[in-house]
Structures are given as structure tokens and as C-alpha cells.
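Take the sequence shown: its letters are residues 0 to 234, numbered as in numbering that gives the first Met the number 0. Have a look at the structure below, then the notes.
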Amino acid sequence: MFRKYISKKSLFGEKDFRWRGGEVSRLESLVDGVFAISVTLLIVSREVPQNFQDFVNVMWTFPGFIITFTFLFMIWYAHYLFHRRYGLEDFKTILLNSLLIFVILFYIYPLKFLAEVLIGDFLLGNVREEIISLTNMRTIMLIYSSGVFMIWGIITMLYKHAYNHRDVLELNNFEKNTTKEYMLVYMILSAYGLLSVILAYFLPLHWSPLAGFIYFGIGPTIYIAMKIHKKKINQ
0 MFRKYISKKS LFGEKDFRWR GGEVSRLESL VDGVFAISVT LLIVSREVPQ
50 NFQDFVNVMW TFPGFIITFT FLFMIWYAHY LFHRRYGLED FKTILLNSLL
100 IFVILFYIYP LKFLAEVLIG DFLLGNVREE IISLTNMRTI MLIYSSGVFM
150 IWGIITMLYK HAYNHRDVLE LNNFEKNTTK EYMLVYMILS AYGLLSVILA
200 YFLPLHWSPL AGFIYFGIGP TIYIAMKIHK KKINQ
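Written as C-alpha cells, this is what we have:
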């Protein structure tokens with residue numbers, strides 16, 4: 000329903016990018032359902048507080064929920080925008096969407112746990128009774144970063160697939176450049192996930208937290224990459 004509402008409000012798509020997606024397909028509806036289930040899992044995984052202390056403990060997890068929901072929404076919007084722009088429904092698109100569904104369902108709990116640990120425990124000072132060791136944190140980062148690598152890698156492949164069919168889709172120059180820009184951004188996100196996996200696995204244990212800190216480099220990397228890309232276009 001939410002996707003249909005957005006589609007009706009954006010009948011002509013983006014200002015300079017013609018949307019080729021028509022009515023919301025069964026494939027899009029399926030992925031929407033998976034995202035809805037993922038959000039539900041974030042909520043129902045907590046028991047109803049039985050006393051005030053339980054209520055306080057639940058409130059400590061709320062910042063982590065916000066971060067997890069934000070990440071899920073970013074992924075959903077990337078998927079939504081792809082299907083609105085290109086409207087592809089071929090076998091490869093269906094296969095990549097199936098992989099995306101699988102990874103998201105696998106990724107949701109590690110993402111939530113990591114967000115709660117970083118925000119609730121370290122930044123807000125809500126220390127758990129069970130101290131999380133560096134070894135456990137390394138395992139968490141390996142799982143989380145593998146999810147980052149796979150999710151954004153799949154979305155990169157979706158955009159690559161659309162770009163390979165640019166003539167069939169009749170993309171104009173602006174649409175081709177925009178497709179390449181988004182493909183580059185998602186490729187960077189996926190690459191950072193892979194780099195984090197490599198660092199978490201190979202670095203000495205006391206250096207393994209660097210596998211998480213490298214994500215702060217995503218913004219500057221995307222900024223520089225976009226500058227270089229736009230410079231090439233204008234040449």
C-alpha cells in the first residue's frame with residue numbers, strides 16, 4: 000500500500016529520469032512483505048515489560064531500533080527506486096531479488112544486535128551484565144559486514160543489469176550517467192563491507208575494532224568518487 004501511494008504521488012517519476020515501472024508487480028509486493036516482516040521482527044523480539052526496570056531496559060534498546068529501521072529503510076528505498084526507474088521483471092532480476100530477500104532475513108538480527116551494543120552499551124553507558132569480548136565482537140562484525148557486502152552488492156548488480164540493457168530501456172544520457180552514479184555508490188558501500196570482513200578476519204584481535212571504524216570513511220569516499228565521476232562526464 001505504501002509503495003502504491005508513493006507511485007501515485009510520483010506519476011511522472013523524477014524530474015529528469017523517466018520511470019519505466021508500471022503497476023506494482025508481485026515481485027515488488029513480495030519484497031515489500033519481507034521488509035514488513037523484518038520490521039515486525041524488530042518489534043516482537045522483545046517481551047512486554049512486566050515492571051519499571053524492564054521498561055527502562057526496553058527504552059535503552061530504542062536508539063538501536065531507530066538505527067536498524069533507518070538501515071532497512073535505506074535498503075527498501077534503493078530497491079523501490081530501482082524498480083520504479085527500470086521496471087525490469089526478467090529472470091535475472093527475479094533471481095537477484097530472491098537473493099536480496101534471503102540476505103535481509105538473515106541480516107536483520109545481527110544488525111539489531113550490533114546497533115544495540117554500540118548505542119545502548121557503549122555510547123549511552125548501558126552496560127550489559129555479560130561483557131562482550133573482542134572475540135565475540137569480531138564474530139559480530141564478520142556477520143554484519145558480510146550482510147553489508149552482500150546486500151549492497153546485490154543492489155549494485157541490479158543496477159549493472161539495468162545499465163547493460165540501457166538500449167532496450169532507451170535510457171538517455173542523463174539516465175545513463177545517473178545509473179552509473181548509483182551503481183558506483185552502491186559498489187562503494189559493498190566494498191566497505193568486504194573490507195570490514197577482511198580486516199575483522201585477518202587483523203590481530205586487539206586491532207579488530209578497526210573493522211567497524213572504517214565505515215566512517217564511506218561518506219568521504221563517495222564524495223571523492225562523485226567528484227571524479229562528474230569531472231569525467233564534463234570533460
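Glycine residues also receive a C-beta, built at the ideal position from the N, C-alpha and C atoms.
| Check | Outcome |
| --- | --- |
| Taking the alpha carbon of Leu104 as the point to measure from, which residue in Lys229, Ser24, Leu29 and Met225 has its own alpha carbon closest? | Leu29 |
| Return the Cβ separation of Ile197 and Ile221 in integer angstroms, given the expectation that the two are a contact with Cβ distance under 8 Å. | Actually they are not in contact, since the Cβ atoms of Ile197 and Ile221 sit about 20 Å apart, beyond 8 Å. |
| Among the candidates Gly218, Arg137 and Leu99, whose CA atom is the shortest distance from the CA of Pro203? | Arg137 |
| Taking buried to mean at least 16 other C-beta atoms within 10 Å of its own C-beta, is Thr39 buried or exposed? | exposed |
| Return helix, strand or coil for Trp151, following the three-state DSSP convention. | helix |
| Under a three-way DSSP split, which group does Gly20 fall into? | coil |
| If distances are taken between C-alpha atoms only, which option among Glu22, Lys231 and Leu141 comes closest to Gly86? | Glu22 |
| Using three-state DSSP, classify Asn172 as helix, strand or coil. | helix |
| Do Leu110 and Phe70 have their C-beta atoms closer together than 8 Å? | yes |
| Do you know offhand how far Leu194's Cα is from Phe101's? | 22 Å |
| Given a threshold of 16 other Cβ atoms within 10 Å of its Cβ, counted over all protein chains shown, does Ile223 qualify as buried or as exposed? | exposed |
| For Asn171, count the other beta carbons within 10 Å of its own beta carbon; 16 or more makes it buried, fewer makes it exposed. Which is it? | exposed |
| In three-state DSSP terms, what is Asn50? | coil |
| According to DSSP, simplified to helix, strand and coil, what is Pro203? | coil |
| Less than 8 Å separating the beta-carbons of Leu157 and Leu95? | yes |
| Arg19 to Gly146, Cα distance in whole Å? | 29 Å |
| Find the nearest neighbour of Arg17 within the set Phe61, Arg25 and Arg83, judged by alpha-carbon distance. | Arg83 |
| Using a Cβ-Cβ cutoff of less than 6 Å, which residues in the same chain neighbour Leu98 once the five nearest sequence positions on both sides are dropped? | Ile153 |
| With C-beta atoms as the reference, is Tyr185 less than 8 Å away from Ile213? | no |
| Quick check on the DSSP output: the alpha helix (DSSP H) that includes Tyr108 runs from which residue to which? | Phe90 to Ala114 |
| Classify Phe173 as buried or exposed, calling it buried when 16 or more other Cβ atoms lie within 10 Å of its own Cβ. | exposed |
| How long is the line joining the alpha carbons of Ile217 and Gly211, rounded to whole angstroms? | 12 Å |
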